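Asker:
There are 2 protein chains.
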Amino acid sequence: MSTTSSRLLEAGRRPGRGEVRRRQILDAAVRIIGTGGLSSLTHRAVADAAGVPLGSTTYYFKDRDDLLRQTMAYAVEIERARMDEIVGAVSGPPSLEGSVRLLTEIFLDKSVADPLYDLALFEMFLEATRNDEYRPQTREWSALIGEIVDQVLPPTDPTIPRPVALQIVAALIDGLMLESASNQELTVEELADHLRIALERLVVADA
Amino acid sequence: MSTTSSRLLEAGRRPGRGEVRRRQILDAAVRIIGTGGLSSLTHRAVADAAGVPLGSTTYYFKDRDDLLRQTMAYAVEIERARMDEIVGAVSGPPSLEGSVRLLTEIFLDKSVADPLYDLALFEMFLEATRNDEYRPQTREWSALIGEIVDQVLPPTDPTIPRPVALQIVAALIDGLMLESASNQELTVEELADHLRIALERLVVADA
DNA sequence: TCAGTTCTTGTACGAACGTACACGTTTCCC
DNA sequence: GGGAAACGTGTACGTTCGTACAAGAACTGA
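So this is what it looks like as structure tokens:
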């Protein structure tokens, strides 16, 4: 009850040994949700996809809610790493065209980004609508999008507060992602054009 | 095999007698999905919510896929009627402020519109991402939003094609709906402000 | 080395599910 | 009035699920 290990367990995070396997299961869980929706997230399906026996998933995640909650957090963490990598490679001040290109690459271009993670996160978004338990993870996901947009977007129209402009752009991106997911006929170029048209009218004109 | 009734059955629509009960079940199905998500759509849950025995749901819907497909179509139909009613009551030419007010009332104001239907439709949207079988219904839903926006929106910036402007506004509304569903702290006024700021920059300035 | 912990796995049980189906009731048409 | 079609309902079967649990293997620290 007072050993190191039990304290770590109480803190909610396991010590290092099984971390690889834990992430292996979480990665499979994201793929399951992205492919088949929340209703297909079962211990057995995840275990099969991860190549581990059923007992493993119930060992690392005490019940289905726990699995779902940790899967959400994991997906956000992975997406944050992916986005930071893309944004971090950029040099020079933000420009309109540069921000369109980056936001497209990050959110809209399915040939670059694996849409499974985004689809899975949309599922979790809806689940959080019904169950407050998942609210922290959706909060973090919303905040992440806001941060990325903030870093990428040039100075915005001074007549509107910057946070408001960011929220508008974030909402637009959400909507475009949803449309692009459900309407395969929309090309990446069209989506980028839509984004550009909107951004042109929200950022200050550069000389 | 050649009677009137069997022909109607083959056409996919039942004759009139059981229509009331059929809609009673569909209405319950929408509420179930909006409340608990797609995974809670079971014959038993729907039967309970509709106040009918289990046998009734399996009589009107030959399997779960059929129930889901018809529920989607029903939800779109109900939403179309609701929106047409609101839009039809408007007189005079569209104005910026009028369109903001109408679109807010139709899509964003939860105290006016029952968000259960919209949440259910979002669920179906994601399901259609994975299963082509439900694509026609999502197409109709997208088209409906486009039509409503088209009817309500004043002349748009002539430098961009009207369909593009409509798609941008539709995507923005989708995103705002999603944010408002998952983030309770956003007030209707804030959402309307966001919409107004975007529309101000997409429609022609009126004298 | 060796006890304690962490990890791993197979199995089993009760609950909930989709679905089939038999059978009774109402309505319709001639 | 009577046969046919449509409507309505209760029950039962096989499957899949979450979860518990026992029991062994691998690792760790003293």
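If you read the protein sequences in the order shown, they are chains C and V. Here the first sequence is numbered in the numbering used here, starting from 1 and rising by one per residue. Here the second sequence is numbered in the numbering used here, starting from 208 and rising by one per residue. Ideal Cβ placement from N, Cα and C applies to all residues, glycine included. Note that the structure is a prediction, hence the values are computed from the model and not measured.
(1) Could you round the C-beta distance between residue 409 (chain V) and residue 364 (chain V) to whole angstroms and report it? I think they count as a contact, below 8 angstroms.
(2) Would you mind sorting residue 388 (chain V) into buried or exposed? The rule is 16 or more other CB atoms within 10 Å of its CB.
(3) Considering only the alpha carbon of each residue, which of V:295, V:301, V:380 and V:316 lies closest to residue 167 (chain C)?
(4) Return the first residue and the last residue of the alpha helix (DSSP H) that residue 44 (chain C) is part of.
(5) Should residue 315 (chain V) and residue 398 (chain V) be called a contact, given that it needs their Cβ atoms to be closer than 8 angstroms?
(6) On the three-state DSSP scale, how would you describe residue 57 (chain C)?
(7) Helix, strand or coil, according to DSSP, for residue 297 (chain V) in the structure here?
(8) Using a Cβ-Cβ distance cut-off of 8 angstroms, determine whether residue 271 (chain V) contacts chain C.
(9) Under 8 angstroms, Cβ to Cβ, is there at least one residue of chain C near residue 332 (chain V)?
(10) Compute the distance between the beta-carbons of residue 37 (chain C) and residue 245 (chain V), then report whether it is under 8 angstroms.
(11) Using 8 angstroms as the threshold, is the C-beta distance between residue 264 (chain V) and residue 293 (chain V) below it?
(12) Is the CB-CB distance between residue 311 (chain V) and residue 331 (chain V) below 8 angstroms?
(13) Would you identify the three-state DSSP class for residue 278 (chain V), choosing helix, strand or coil?
(14) For residue 367 (chain V), go through chain C and note every residue whose CB falls closer than 8 angstroms to its CB, in chain order.
(15) Since residue 194 (chain C) meets chain V, which of its residues come closer than 9 angstroms, beta carbon to beta carbon?
(16) Between the Cα of residue 251 (chain V) and the Cα atoms of V:271, V:241 and V:242, which residue gives the shortest distance?
(17) Between the Cα of residue 238 (chain V) and those of V:340, V:285 and V:366, spot the shortest distance and give me the residue it belongs to.
(18) Among residues of its own chain, excluding the 5 on either side of residue 84 (chain C), which ones have a beta-carbon nearer than 6 angstroms to its beta-carbon?
(19) Please name the residues in the stretch 89-116 of chain C whose beta-carbon is closer than 8 angstroms to at least one beta-carbon of chain V, in chain order.
(20) State yes or no: is the beta carbon of residue 386 (chain V) nearer than 8 angstroms to at least one beta carbon in chain C?
(21) Tell me which residues share the same chain as residue 19 (chain C) and place their Cβ nearer than 8 angstroms to its Cβ, disregarding the 5 neighbours each side in the sequence.
(22) Throw me the rounded Cβ distance for the residue 102 (chain C) and residue 52 (chain C) pair, which I believe falls under 8 angstroms.
(23) Chain V partners of residue 35 (chain C), CB-CB under 9 angstroms?
(24) Identify the residues that DSSP records as bridge partners of residue 363 (chain V): which are they?
Answerer: Concretely, from the data shown:
(1) 6 angstroms
(2) buried
(3) V:380
(4) 43-50
(5) yes
(6) helix
(7) coil
(8) no
(9) yes
(10) yes
(11) no
(12) no
(13) helix
(14) 197
(15) 371, 374, 375 and 378
(16) V:271
(17) V:285
(18) none
(19) none
(20) yes
(21) none
(22) Residue 102 (chain C) to residue 52 (chain C), Cβ: 37 angstroms. No contact.
(23) 337
(24) V:410
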